[in-house]
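Peer 1: Residue numbers (the working numbering): 1145 to 1469.
Pasting a structure here, questions to come.
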Amino acid sequence: MLQNKSFLVTGGAGFIGSTLSKMLCPQNKVVIIDNLSTGNLKNLYPYSEHSNIKVIIDDVRYCHTLEQYIEQSDYVLHFAATLGVELAVLQPVELFMNNILSSERVIQLAAKHDKRLFLSSSSEIYGKQEKACLTESDISCIPQPERTRWIYSLSKISDEYIAYHYKRNGLKVIIGRYFNFIGTNQSAAYGMVVPKFIGQALSDNPLSVYGNGSQSRCFCHVNEGCLAIIKLINNFDKIAVLPGISFNIGCEQSITIDALARLIIELTGSKSLISYIHYNDLPSGFDEIACRTPDLSYIKEHTGWQAVGTLKDSLKNIIDEIRNN
Ligand code: UDP
């Protein structure tokens, strides 16, 4: 079990990084570096002032003390990234450069100081794969570059390539590929569908379903996802020597976006209607994936982890927490 260890969490005020930092901090020392571009110190509540947490507001790319904090940590957990389909479409170059330069810096310093590194990746790396259920060894299908949505995928694939190169040269590294994590602190500002729909439903505005809503996703509560990450970290040395160190993390229960919209309207008791938005009316860099389901056998085999909650329970919990805040 993880106790009395020291962690450096980049992006630790972000949606996933803050959830994990809060789980680790009662028993461990956590240093967070976050530029608060998409993160928020409120995400660390009620642990913001906890004596085990130290927050440095700075950019991973330029932070002068990054190397010092990496040197002092037992584990480096890299979550800092620019993400969200809307940002990928609207600010592709900034997103790409920020992601790969931050990751390269963190990976290189973790290797230099022989630290265990956990790297955040994404189900986006599979691109427009049409397989029903995605396993870690499936190839990435990245469309032509006029669709800038895919630049986020490219940044995460690049991170993984860099990590595997350093792994061949001795770095102890594990990679998590997250499939549509959801939770209370997820921002609606960058296009993520669940916080966007909940916000629309709670204000009785129409829910903006893209296309006819027949596309599907598998949503995983961030608390469950972070328990998976902790299990991977708990088994670090055993897992880091495997040839494949990338792990799908998510839920297998799939739902169409139309059904998701209806479920959110039902759970919030909203008067909202559904507004179907034609793909031609979205910014030109947008692109859609028909479905995306993780095969979770690999993480189950190596950690025993599997998500237990249902989507309905997760949504109820998120809606309640938003209402009570
Ligand atoms: N989506 C939607 N309306 C929105 C935002 C998203 O219908 O206002 C759809 C989107 O087309 C996709 C799904 O919801 O099919 C998930 O979108 P998100 O951007 O959350 O994640 P990703 O596409 O990366 O899975």
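The beta carbon of each residue, even a glycine, is placed where N, CA and C say it ideally should be.
1. By how many angstroms is the C-alpha of D1425 removed from the C-alpha of Y1206?
2. Run through the DSSP bridge pairs and tell me what C1285 is partnered with.
3. Compute the Euclidean distance between the alpha carbons of D1218 and R1260, then round it to the nearest angstrom.
4. Taking 6 Å as the cut-off, does the CB of I1301 come closer than this to any heavy atom belonging to the ligand UDP?
5. Measuring from the CB of Q1330, is there a heavy atom of the ligand UDP at a distance below 6 Å?
6. Tell me whether R1321 counts as near the ligand UDP, meaning its Cβ is closer than 6 Å to at least one heavy atom of that ligand.
7. If you draw a straight line from the C-alpha of S1181 to the C-alpha of D1202, how long is it?
8. Excluding the 5 residues flanking C1395 on each side, which residues of the same chain have their C-beta closer than 6 Å to its C-beta?
9. I'd like to confirm the pairing. Which residues does DSSP put opposite Y1354 in its beta bridges?
10. Who pairs with N1378 in a beta bridge, going by DSSP?
11. For R1249, name the three-state secondary structure that DSSP assigns.
12. Can you give, in chain order, each stretch of the beta strand (DSSP E) that sits fully within the region 1164-1222 and has at least 3 residues?
13. Runs of 4 residues minimum, wholly inside the region 1320-1365: which ones carry the alpha helix (DSSP H) assignment?
14. Comparing the CB of V1233 with every heavy atom of the ligand UDP, is any distance shorter than 6 Å?
15. Would the C-beta of N1392 count as close to the ligand UDP, meaning under 6 Å from any of its heavy atoms?
16. Among G1448, T1447, N1196 and S1441, which has the Cα closest to the Cα of S1281?
17. Going by C-alpha distance, which of N1356, A1224, L1253 and T1454 is nearest T1209?
18. Given a cut-off of 7 Å, decide if F1151 and N1172 are closer than it, judged by their beta-carbon atoms.
19. For L1278, which residues of its own chain have a beta-carbon under 8 Å away from its beta-carbon, when the five flanking residues on both sides are left out?
20. Taking the alpha carbon of I1177 as the reference point, which residue from D1348, D1464, G1156 and N1349 has its own alpha carbon closest?
21. With C-beta atoms as the reference, is I1251 less than 7 Å away from I1306?
22. By Cβ distance, which residues of its chain are closer than 6 Å to N1242, with the 5 residues on each side in sequence left out?
23. Can the beta-carbon of G1161 be found closer than 7 Å to that of F1223?
Peer 2: On the basis of the data shown:
1. 38 Å
2. G1271
3. 7 Å
4. no
5. no
6. no
7. 10 Å
8. C1362, C1364 and A1451
9. I1421
10. Paired residues: none, contrary to the question.
11. helix
12. 1173-1178, 1197-1201 and 1219-1222
13. 1337-1346
14. no
15. no
16. S1441
17. L1253
18. yes
19. S1267, Y1270, N1392, R1436, T1437, P1438 and D1439
20. G1156
21. yes
22. T1226
23. yes
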